[in-house]
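**Student:** Okay, here's the structure, questions in a sec.
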Ligand code: BES
Ligand code: ZN
Ligand code: ZN
């Protein structure tokens, strides 16, 4: 991974191959942001003129590089767009800085050492005490933007990520930076783990391999990891996980990760959907819809990532992460539409559509999580296509009890992840009534994300504050890379979960 450091030295005096400055989009043209003063001085006060000649606009995601021809030690100067300059001298919001840092570092792949100057806390003038959220955003953006997935390229592995990023801060910033850098490194390495797991081809990441990855990630940090195999699942009656997995030759697992820093205190249970490939089962998906269904374990990966990040950061809160994992294939022993499964805890579910499998594995794990008597319960899942219809591909839907849902949304805002509160309308619940069993696994198609949430709610332990995050769209970027988000696996929900754990730990 890219190494990150902070320096209070004049940016142009830090040895580097590239010097990055921020440019905002002002009402009358581009506005060079704070931090670029020493570069401008080395260029004889002509930075603004150079940028104008290069037609730099400052719009978000724009990266413009130009040679400095000996005017300053770094051979390359780079202008990165910050988007619209905030009105009335307000600071740039942290997410703009996070994205700009990501765009710059991503574009500079192949460069060894880059100095990053971005306006911390204010436009045009660096404040003596940069807001930690700004620092946080820039450090995260830089690390997240350096991600690449090249394991499966043998011909042209592409350019190496920037080896070292030096963050230009002032003295006060440097004091604050230590903890911020350590946090960013823990969060970014959790996000990178999630992206790797999501990007790995489904033939190389079955439930067994996902469990092995959890064991490995946990072992490094002293997190206790227990894995139930198909025999243990059968013995204990995990009918949802087993039912979904029975059409595949690759057996299902239930992963449990426990980070327990103290006996007393708050306990949070996290549950993530871990379908290593979702063909739809006998309710087969069309070919094009299947192309990206290796991402259907993005929720499980996020839970594994967040639990390990909590341990790496030594957060003072108990975290128990569950990842029910199975492969949803239409093999000869697959569940059929109209089969009835007995879930963990005894509830009987009529499976009318085998493609609504996520809720079945989650139901088992939610009931199991209740046995830990957690104070809070959050599940994350690439659960419904309806999430994409409702909120688009980049905004996750959050459901649950009003208070818990709003806490998750608040955490997402601080973390810089797009999530939006959604209701669980009670009138939709009746559509889950089955003619033969306690429930059926599909309900009203209109509001499909909400019906799925209502299904899960049936399995939430009584009295436990609960939220459900549907990341069907956000977990995987089908489009081009932007900001700090690469193509493919994005690591969605990890930063929000870590922020939520920090919030809950703080009381
Ligand atoms: N894994 C899918 C949801 C999904 C769709 C994730 C698109 C990412 C992108 C899930 O298992 C599924 O297929 N859900 C069905 C439910 C329906 C049958 C009630 C869906 O959304 O179509
Ligand atoms: Zn499905
Ligand atoms: Zn699925």
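Numbering (my numbering), first residue to last: 9 to 515. The beta carbon of each residue, even a glycine, is placed where N, CA and C say it ideally should be. The structure presented is a predicted model; accordingly, all values stated were derived computationally and were not measured.
1) Can you name, in chain order, every residue of its own chain whose Cβ lies under 8 Å from the Cβ of residue 49, other than the five neighbours on each side?
2) So does residue 45 have its beta carbon nearer than 8 Å to some heavy atom of ligand 3?
3) Verify the contact flag: residue 291, CB atom, against every heavy atom of ligand 1, threshold strictly below 8 Å.
4) Rounding to the nearest angstrom, what Cα-Cα distance links residue 509 and residue 265 in this structure?
5) Any idea what DSSP makes of residue 47, helix, strand or coil?
6) Find out if the Cβ-Cβ distance for the pair residue 432, residue 461 is shorter than 9 Å.
7) Start and end of the beta strand (DSSP E) containing residue 333?
8) Counting Cβ pairs closer than 8 Å, one from the segment 403 to 422 and one from the segment 323 to 331, do we hit at least three?
9) What did DSSP end up calling residue 430 once you bin it into helix, strand or coil?
10) Assign residue 302 to buried or exposed, taking buried as 16 or more other Cβ atoms, counted over all protein chains shown, within 10 Å of its Cβ.
11) Report the rounded CA-to-CA distance for residue 57 versus residue 83, giving the unit in angstroms.
12) For residue 237, which residues of its own chain have a beta-carbon under 8 Å away from its beta-carbon, when the five flanking residues on both sides are left out?
13) Run through DSSP, which three-state label would residue 321 get?
14) Which residues in the same chain as residue 111 place their Cβ atom closer than 7 Å to its Cβ, once the five residues preceding and following it in sequence are excluded?
15) Does ligand 2 have a heavy atom nearer than 8 Å to the CB of residue 347?
16) For ligand 2, is there any heavy atom lying closer than 8 Å to the beta carbon of residue 449?
17) For residue 477, write down the residues that DSSP places opposite it in a beta bridge.
18) Under 5 Å, CB to any heavy atom of ligand 5. Which residues pass, going along the chain?
19) Am I right that residue 506 and residue 314 are in contact with their C-beta atoms under 8 Å? What's the rounded C-beta distance?
20) State the CB to CB distance for the pair residue 206 and residue 309, rounded to an integer number of angstroms; the pair is presumed to be in contact (CB under 8 Å).
21) Return the chain-ordered list of same chain residues with a C-beta closer than 8 Å to the C-beta of residue 130, the five sequence neighbours on each side being excluded.
22) Taking Cβ positions only, does residue 499 come closer than 9 Å to chain B?
23) How many Å lie between residue 331 and residue 121 at the Cα?
24) Taking 8 Å as the cut-off, is the CB of residue 234 close to at least one heavy atom of ligand 2?
25) Mark residue 212 as exposed unless 16 or more other C-beta atoms lie within 10 angstroms of its C-beta, in which case mark it buried.
26) Could you tell me the alpha carbon to alpha carbon distance between residue 338 and residue 304, rounded to whole angstroms?
27) Look at the Cβ atom of residue 424, then the Cβ atom of residue 103, and state whether they are nearer than 9 Å.
28) Pairs of beta-carbons, one from the segment 376 to 385 and one from the segment 437 to 455, closer than 8 Å: are there three or more?
29) Return yes when the C-beta of residue 453 is under 8 Å from any heavy atom of ligand 1, and no when it is not.
30) Are the Cβ atoms of residue 300 and residue 484 separated by less than 9 Å?
31) For the putative contact between residue 403 and residue 430, defined by C-beta atoms under 8 Å, what is the C-beta separation to the nearest angstrom?
32) Pick out whichever of 151, 515, 378, 434 has its Cα sitting closest to the Cα of residue 467.
33) Looking at residue 40: is its Cβ nearer than 9 Å to the Cβ of residue 30?
34) Confirm the yes/no value for this check: CB of residue 427, any heavy atom of ligand 1, distance under 8 Å.
35) My understanding is that residue 357 touches residue 449, with C-beta atoms under 8 Å, so please give their C-beta distance in whole angstroms.
36) Rank 276, 47, 86 by C-alpha distance to the C-alpha of residue 66 and give the top, closest one.
**Tutor:** For this structure:
1) Only 20 meet the Cβ criterion.
2) For residue 45, the distance from the CB to the nearest heavy atom of ligand 3 is not below 8 Å.
3) yes
4) 15 Å
5) helix
6) yes
7) 326 to 336
8) no
9) It is coil, neither helix nor strand.
10) buried
11) 19 Å
12) 259, 261
13) coil
14) 69, 71, 88, 153, 491
15) Outside the cutoff, so no.
16) no
17) 388, 406
18) By its list of ligands, the structure shown excludes ligand 5, since it contains just ligand 1, ligand 2 and ligand 3.
19) 6 Å
20) 6 Å
21) With a pLDDT of 38 at residue 130, under the threshold of 50, the modelled position of this residue cannot be trusted, and the question is left open.
22) Absent from the structure is chain B; it holds one protein chain and no more.
23) Rounded to the nearest angstrom, the two C-alpha atoms are 38 Å apart.
24) Answer for residue 234: no, Cβ out of range of ligand 2.
25) exposed
26) Going from the Cα of residue 338 to the Cα of residue 304 covers about 16 Å.
27) yes
28) With a cut-off of 8 Å, the segment 437 to 455 and the segment 376 to 385 do not count as touching, because too few Cβ pairs lie within range.
29) yes
30) yes
31) Rounded, the Cβ-Cβ distance is 10 Å, inconsistent with contact.
32) The shortest C-alpha separation from residue 467 is found at 378.
33) yes
34) no
35) 6 Å
36) 86
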